[in-house]
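Below you'll find the structure, written out as structure tokens, and then a few comments.
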Amino acid sequence: MSESARVDSWLWAIRVYKTRSAATTACRAGHVRVNGDKAKAAQAVKIGDELRIRIAGFDRILIVRQILVKRVGAPLAALAYEDRTPAREPQAMLGVRDRGAGRPTKRERREIDRLRGRDEG
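Residue numbers (our numbering): 645 to 765.
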């Protein structure tokens, strides 16, 4: 087993991205950081490195525990990293109206403002 691997290859092997090209694109776009620095796709990752991956507007924090260069099954892939991502709070949809419901009435506007914390009273 090697001591390091390309960051895009490793992210693909542990099943963070479906394809290696998707992992490469994420690196090019600046969504992947290794130890706090933006990573290029060919950057090497070693055991103990911290990766921050921006997916759907949220950061996922992974610590490298094992180097993989080939894609493996999900149970084996889960052993290759330690997930330190903080738990996300469920987001409530506040003041969402049905499409085509028309302009809100004065009463509905006040209720929406109250839900959003813009209470005037």
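We treat Cβ as the ideally placed atom computed from N, Cα and C, and that holds for glycine.
Inter-residue CB distance, residue i and residue j (contact presumed, cutoff 8 Å)
i: residue 689; j: residue 708; result: 5 Å
i: residue 658; j: residue 712; result: 6 Å
i: residue 667; j: residue 656; result: 5 Å
CA nearest to the CA of residue i, picked from the options
i: residue 679; options: 721, 757, 697; result: 697
i: residue 731; options: 704, 658, 650; result: 704
i: residue 647; options: 716, 743, 710; result: 710
i: residue 699; options: 692, 662, 718; result: 662
i: residue 664; options: 682, 706, 686, 694; result: 686
i: residue 692; options: 717, 719, 726, 760; result: 726
i: residue 701; options: 675, 681, 720, 718; result: 675
Environment of residue i [buried if 16+ CB atoms lie within 10 Å]
i: residue 652; result: buried
i: residue 670; result: buried
i: residue 728; result: exposed
i: residue 751; result: exposed
i: residue 723; result: exposed
i: residue 650; result: buried
i: residue 745; result: exposed
i: residue 683; result: buried
DSSP-derived helix/strand/coil call for residue i
i: residue 750; result: helix
i: residue 658; result: coil
i: residue 711; result: coil
i: residue 724; result: coil
i: residue 691; result: coil
i: residue 648; result: strand
i: residue 757; result: helix
Residue i CB to nearest heavy atom of the ligand ZN below 6 Å
i: residue 674; result: Only the bare structure without any ligand can be found here, which leaves the ligand ZN out of the picture.
Open item on the list: Which complete alpha helix (DSSP H) runs does the stretch 657–686 hold, if anything under 4 residues is left out?
Closed with: Listed in chain order, they are 664–672.
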